[in-house]
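Basically our numbering = 1-based index in the sequence shown + 939. A virtual CB, placed ideally from N, CA and C, is assigned to each residue, including glycine. The structure under discussion appears below in the form of structure tokens.
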Amino acid sequence: MQHPVTHLAAACSLALAAGSACAGGADGPSAQDPNPYAVHRAESVAPFFAAARSRRVDMAIIGDSNTRSAGFSGHEDGMARGFAARLECYGTRVEPMGGWGSWGTIIFHSASYPAQYLNQYAPAHITAALGDLPLAGGFPSGYSYLSPGMTVPWTNNSGQYLYASHPMDISGPLRWHFTYYHWPAAAGADLGFVSPTVRDQWPGSAYVLYASASLTTSGPGVPGPREFALNVPSGERGEHGLVFCLTDFPGQRGARGPFISRWTRSENIAKTRGFAYSPLLYQGGRTARDAAISLLDLARQTDMTEWFRQATRLQNGPPMLLVQIIHGGNDANWPTPAVVYERGMGRPAPGGGWPAGEPTNTAAGMRQNFQSIINIMRDDWVGAGHDESNLFFVLGGYHPQPPYWNETAPGAGDGWQWRLVQHDAAQAWREICEANANVAMIDGYKLSTHEEFTLNAWYTDPSYPGGDQAHLSVEGYRAWGGACAEALLRACDCGPSVDFDADGRRTVADIFDFLAAWFSGEARADFDRSGGAPTPSDIFAFLNAWFSGCAGH
């Protein structure tokens, strides 16, 4: 019997004879044919996407100004659309019951519009009792609140708007959820109430009613948070979609305080598998360091426990969440020391601080900031009583930017963001993936090029000089979301990557790099993931995967 290395040598000869046919082409990567080798350690998150095909799971996003852009677009919208084109979608995101500012806009086929008389400031002890994330720091902001005795007319037409285009299929059997606070009744005071309804969305007729209920919000019983749910039978809907409202237009029933609700969402109860996609942090002009600080300094364990509950409570299995972190562009401009949070450190006392790391605009600083986000979220997830193995992360993909964006002088071609994200950040993310379970990354520069973005008008303004290549057009966000989702799912379906030198291609060099790692006994050469030191079976597994390729790459 020949030694496995003899087979490897023969395979190398065959590969060399094949030349560069498997190198991915001379034109570079393209979002039109997403490259699975742009994904590093896809096998770390493959269990999540495998689960999404058989049960309900949830996804969340943390990012900069690209998270929500132009009021109705951004990565939240684009990524959700990308995954919805490839996986089932069972429901809407977790969102404020009346979003403030950009949190009350149309993103991914739904919106939570506030009414001015439902948008007062509530007592702090009540919002705290609801497990309220801060209304600052980039967390979703807004709620619906009525002070005791304040009324809302039945003509009110605000609420959660669900558009007919939503991929959850609004013609199916739906269920509307919100968490509210039940108040004690003051002696002699009128009881609070709301009149929940589901009806046609404007400009459809408000008299077309699909479901209605009555809810008393104060009176006997233990004060505190409670859940409300309203079922909507399946059937034909209006062409504009639905509105979930706290007042009853057809029945001429309004609402009266006290009332407060922080979070709402809806689901298609016939969908037993798939995903929903929610925002957690949206911080324009900010960095991964700022995201870490918001999670560490502003949020409390109780806040995160409640948000995790809201994000996963419609699932039909143990809570499972994947967080997509898309930061990097702004980090290039900030030399501020990174935040260093290690597992189990806990939040500091008021006025306390965090160990300072390397400059944020370096590979080491990027690694520390991203790792701190992962560490605190894992601590909070476990602190909420969940299984750590069911929390996943995807880093990126940050879109490719041209070398002239933020260049030091016209024609220099040394743009800060171009250099940091393509080289330093990508290296930091790979190191995080290697050091952590359940973490994968998408390298945007191995998925597309700035030339492709310019050609397809995917930047907000591709013109040079000037322009804006830091943000994308609506079509750009959608194209990028589709490319990232496709590359990630392709990579997950193919198993461990044969791109051993992490250059985004399947080449002969990967065979030799694998061989060197195998002889050195490196853990990454355990290609069949059997555990322990590399064995001859890893060689055969690698060769089979290398010659097979992945999705034509």
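Asked                                                                                                          : Found
C-alpha gap between V1321 and A1376, whole angstroms                                                           : 15 Å
Pairwise C-alpha distance: Q1340 and A965                                                                      : Reliability fails at A965, whose pLDDT of 45 lies under 50, so the model's placement of it is uncertain and the value that follows must be treated cautiously. Each residue's alpha carbon lies about 20 Å from the other.
Length-filtered (4 minimum) alpha helix (DSSP H) runs lying within the segment 1416 to 1488                    : 1447 to 1459, 1475 to 1487
Secondary structure of H1121, DSSP reduced to three states                                                     : strand
Three-state secondary structure (DSSP) of C961                                                                 : Because C961 carries a pLDDT of 46, less than 50, the predicted location of this residue cannot be relied on, and the following value inherits that uncertainty. Looking at C961 - three-state DSSP - the assignment turns out to be coil, as it is neither helix nor strand.
CB contact flag (P975, A1426, <8 Å)                                                                            : yes
C-alpha gap between R1176 and A1068, whole angstroms                                                           : 37 Å
As assigned by DSSP and simplified to three states, the class of Q1249                                         : helix
Bridge partners - E1391, DSSP secondary structure assignment                                                   : Answer is none; E1391 lacks a bridge partner.
Distance between I1264 and R1306 (C-alpha atoms, nearest Å)                                                    : 13 Å
Contacting residues, own chain, Cβ-Cβ under 7 Å from P1274 (five flanking each side not counted)               : P1298, T1299, N1300
Separation of A1367 from N1483, as counted between CA atoms                                                    : 30 Å
Neighbour flag for W1141 against chain C, beta carbons, 8 Å                                                    : Note that chain C does not occur in the displayed structure, where there is just one protein chain.
Residue of T1118, H1116, S1041, P1087 minimising C-alpha distance to S1080                                     : S1041
CA-to-CA distance, S1012 to S1144, given in whole angstroms                                                    : 27 Å
The segment 1410 to 1427 contacting the segment 1379 to 1391, beta-carbon criterion three pairs below 8 Å      : yes
V984 - DSSP class collapsed to helix/strand/coil                                                               : coil
Alpha-carbon to alpha-carbon, G1213 and C961                                                                   : Its pLDDT being 46, under 50, C961 is placed unreliably in this model, and the coordinates cannot settle the point.
Three CB pairs or more closer than 8 Å across the segment 1020 to 1028 and the segment 1202 to 1218            : yes
Spatial distance of F1458 from C1433 (CA atoms)                                                                : 25 Å
Distance between A1448 and D1440 (C-alpha atoms, nearest Å)                                                    : 7 Å
Among N1329, G1163, P1349, the one whose alpha carbon lies nearest that of A989                                : N1329
Within the segment 1056 to 1095, ranges of the alpha helix (DSSP H) (whole runs, at least 4 residues)          : 1063 to 1068
Own chain partners of A1490 with C-beta closer than 6 Å, once the 5 adjacent residues on each side are dropped : P975, R1429
Per DSSP, the bridge partner or partners of T1211                                                              : Per DSSP, none; premise fails for T1211.
Cβ-Cβ distance between H979 and C1372 below 8 Å                                                                : yes
Proximity below 8 Å, CB of V1262 to CB of L1185                                                                : no
C1372: first and last residue of the uninterrupted alpha helix (DSSP H) it sits in                             : 1365 to 1374
Segment limits, beta strand (DSSP E) that includes D1400                                                       : 1398 to 1400
Simplified DSSP state of R1225, which is helix, strand or coil                                                 : coil
Cβ-based neighbour list, R1192, same chain, cut-off 8 Å, excluding 5 preceding and 5 following                 : W1093, S1134, S1153, T1186
Limits of the unbroken beta strand (DSSP E) element including S1151                                            : 1148 to 1151
Between the CA atoms of D997 and D1465 - distance to the nearest angstrom                                      : 30 Å
Where E1346 falls, given that 16 or more other Cβ within 10 Å makes a residue buried                           : buried
Check whether A1418 and A970 have beta carbons under 8 Å apart                                                 : yes
Secondary structure of P1403, DSSP reduced to three states                                                     : The residue you asked about is not Pro; residue 1403 is Tyr in the sequence shown. Y1403 falls in the coil class under three-state DSSP.
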